[in-house]
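Numbering (this note's numbering), first residue to last: 512 to 665. Each residue gets a CB set at the ideal place from its N, CA and C atoms; glycine is no exception. Notes follow once the structure below has been shown.
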């Protein structure tokens, strides 16, 4: 297909500003993690602090939901280590991301997302959900998150 065959609707536009910012956040976190000294426990404590600071920076319902998701994930699966991933709170097992929270505001999305990586053991036949839209974290939603996280870590 030549360039003249493309319309504005099909032309590749590249990454959005929000996606580029997330990649820069990820690179910054990797650089910071690599330069940190201290014991494994000190590094883990700093990673938790980084996640809590990022959540505190969020606005309105994104912050409220991120706080609840963080509490549910850390209570349900204390073996998951909180860390930043592309500038968002994430939870890793043996250094590999299992699940993450993505706020709506950062990506100018209609809703926040609770996502699971391919490390999550949520397999259910030939197709299963790996991302969930969040508009509110109620007691029922907290119970569903807890169940998903338990299944994700096996």
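Residue i - DSSP class collapsed to helix/strand/coil
{"i": "residue 620", "result": "coil"}
{"i": "residue 644", "result": "strand"}
{"i": "residue 659", "result": "helix"}
{"i": "residue 592", "result": "strand"}
{"i": "residue 513", "result": "Here residue 513 scores only 45 on pLDDT, less than 50, and its place in the model is too uncertain to base an answer on."}
{"i": "residue 633", "result": "coil"}
{"i": "residue 599", "result": "strand"}
{"i": "residue 570", "result": "coil"}
{"i": "residue 613", "result": "strand"}
CB contact flag (residue i, residue j, <8 Å)
{"i": "residue 598", "j": "residue 611", "result": "no"}
{"i": "residue 594", "j": "residue 630", "result": "no"}
{"i": "residue 666", "j": "residue 656", "result": "Residue numbering for the chain in the displayed model covers 512 to 665; residue 666 lies beyond these limits and cannot be assessed."}
{"i": "residue 584", "j": "residue 652", "result": "no"}
{"i": "residue 586", "j": "residue 615", "result": "no"}
{"i": "residue 623", "j": "residue 613", "result": "yes"}
{"i": "residue 609", "j": "residue 562", "result": "no"}
{"i": "residue 619", "j": "residue 529", "result": "yes"}
{"i": "residue 565", "j": "residue 600", "result": "yes"}
{"i": "residue 577", "j": "residue 569", "result": "yes"}
Pick from the options that is closest to residue i, judged by C-alpha positions
{"i": "residue 592", "options": "614, 569, 553, 644", "result": "553"}
{"i": "residue 628", "options": "617, 641, 634", "result": "641"}
{"i": "residue 644", "options": "634, 621, 638", "result": "621"}
{"i": "residue 639", "options": "662, 604, 567, 571", "result": "662"}
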